[in-house]
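One structure is given below, encoded as structure tokens.
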Amino acid sequence: GESVGLHLPTLSVQEGDNSIINCAYSNSASDYFIWYKQESGKGPQFIIDIRSNMDKRQGQRVTVLLNKTVKHLSLQIAATQPGDSAVYFCAENIVPGGSYIPTFGRGTSLIVHP
Amino acid sequence: KAGVTQTPRYLIKTRGQQVTLSCSPISGHRSVSWYQQTPGQGLQFLFEYFSETQRNKGNFPGRFSGRQFSNSRSEMNVSTLELGDSALYLCASSSTPGHYNSPLHFGNGTRLTVT
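Residue numbers (my numbering), protein chains in the order written: chain P, 1 to 114; chain W, 115 to 229.
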């Protein structure tokens, strides 16, 4: 899994498997969380977000789970495909506020083997 | 709708020179943020502009500066370049910063190499 400040971990999975990427956030006051995907040579791309008043949110093939008690966030990718290979970042933010400066984790590298 | 556009994609400069990077946000987005990405430090926040005003600044030296124009386009400048400034510089825009459901939308970055 991933935690802010640690070296980039790697998760290797087989095509078709489900992937779970973890993130430990640091600020108990954070109330908005976002997952980004960064492919080689590109900028981070928004995947899914969740507010702190929710513990689960689903998108297309992705699910984000939030456990505020232990300050843990996870991204689940169903039926992982080679195109999912990328670095995944979680970001935390405090909303509302006048500023918007999300704090990014270091990222997890997902490698999908065909 | 066009995404965030950053120019140039690649730059090679020598120590001591200065550089200007450009960013065009998504149409209608008024907030532009800049990040530096390196393998060792990850994504680090540089500054954020909203309606031509710098609202927030990260922990970078004064050699790093930026500005935003009335059309929301933004530039960042790095003066007296150092080898450690070599990085991917990312620009991101958002529609309503400080609100839920308003994530950052990133460009593909400018790869700066300082020799």
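Even glycine gets a Cβ: it sits at the ideal position worked out from N, Cα and C. All values reported here derive from a predicted model rather than from experimental measurement.
Checklist entry - Hey, Phe161/W and Lys171/W are a contact pair by Cβ (cut 8 Å); roughly how many whole angstroms apart? => result Yes, Phe161/W and Lys171/W are in contact; Cβ-Cβ is about 5 Å, under 8 Å.
Next on the checklist: Whole angstroms are fine: how far does the CA of Gly198/W sit from the CA of Gln132/W?
Outcome noted: 14 Å
Next on the checklist: Beta-carbon within less than 7 Å of Gln14/P's beta-carbon, same chain only, minus the 5 sequence neighbours each way: which residues are those?
Outcome noted: His113
Checklist entry - Phe33/P CB to nearest chain W CB: under 8 Å? => result no
Checklist entry - What residue from Phe33/P, Ser30/P and Ser109/P has the CA that sits closest to Gly83/P's CA? => result Ser109/P
Next on the checklist: Could you tell me which whole beta strand (DSSP E) segments of length 3 or greater appear in the stretch 56-113 of chain P?
Outcome noted: Correct list: 56-58, 62-67, 72-77, 86-93 and 108-113.
Item to check | Uninterrupted beta strand (DSSP E) stretches inside the stretch 148-219 of chain W (no shorter than 3 residues) | outcome: 156-164, 167-171, 178-182, 188-192 and 201-208
Item to check | Those residues which DSSP pairs with Ser136/W across a bridge | outcome: DSSP lists Thr121/W and Glu189/W as the bridge partner or partners of Ser136/W.
Next on the checklist: Taking 8 Å as the threshold (beta carbon to beta carbon), is Ile101/P in contact with chain W?
Outcome noted: yes
Checklist entry - What residues from the stretch 9-27 of chain P come within 8 Å of chain W, judged by C-beta to C-beta, listed N to C? => result none
Item to check | C-beta neighbour in chain W for Thr106/P, strict 8 Å | outcome: Note that residue 106/P is Arg in the sequence shown, not Thr. Chain W contact via Cβ: present.
Next on the checklist: For Ser207/W and Ser12/P, I'd like the C-alpha separation in whole angstroms.
Outcome noted: 32 Å
Checklist entry - What are the residues of the stretch 205-218 of chain W that lie near chain P, defined by any Cβ-Cβ distance shorter than 9 Å? => result Cys205, Ala206, Ser208, Thr210, Pro211, Gly212, His213, Tyr214, Asn215, Ser216, Pro217 and Leu218
Checklist entry - What span of residues does the beta strand (DSSP E) with Thr227/W cover, start to end? => result Thr224 to Val228
Item to check | Boundaries (first-last residue) of the beta strand (DSSP E) holding Ala29/P | outcome: Segment: none, Ala29/P is in no beta strand (DSSP E) and carries neither H nor E.
Checklist entry - Should Glu2/P go down as buried or exposed, given a rule of 16 or more other Cβ atoms within 10 Å for buried? => result Caution is warranted here: a pLDDT of 38 is assigned to Glu2/P, below 50, making its placement in the model unreliable, and no coordinate value can be reported.
Checklist entry - At a Cβ cut of 7 Å, what residues of the stretch 156-174 of chain W count as close to chain P, listed as they run along the chain? => result From the stretch 156-174 of chain W, only Gly156, Leu157, Phe159, Glu162, Arg169 and Asn170 have a Cβ closer than 7 Å to chain P.
Checklist entry - In whole angstroms, what is the alpha-carbon distance linking Val146/W and Thr119/W? => result Their Cα atoms are separated by approximately 12 Å.
Checklist entry - Of all Cβ atoms in chain P, is any one closer than 8 Å to the Cβ of Phe220/W? => result Phe220/W counts as touching chain P.
Checklist entry - Does DSSP put Thr19/P in a helix, a strand or coil? => result Rather than Thr, the amino acid found at residue 19/P in this sequence is Ser. Strand at Ser19/P.
Checklist entry - With DSSP run on the structure shown, which of helix, strand or coil describes Ser12/P? => result strand
Item to check | Reference Trp148/W; option with closest CA among Ile140/W, Leu157/W and Gly142/W | outcome: Leu157/W
Item to check | is_contact[Gly198/W, chain P] using C-beta, thresh 8 Å | outcome: no
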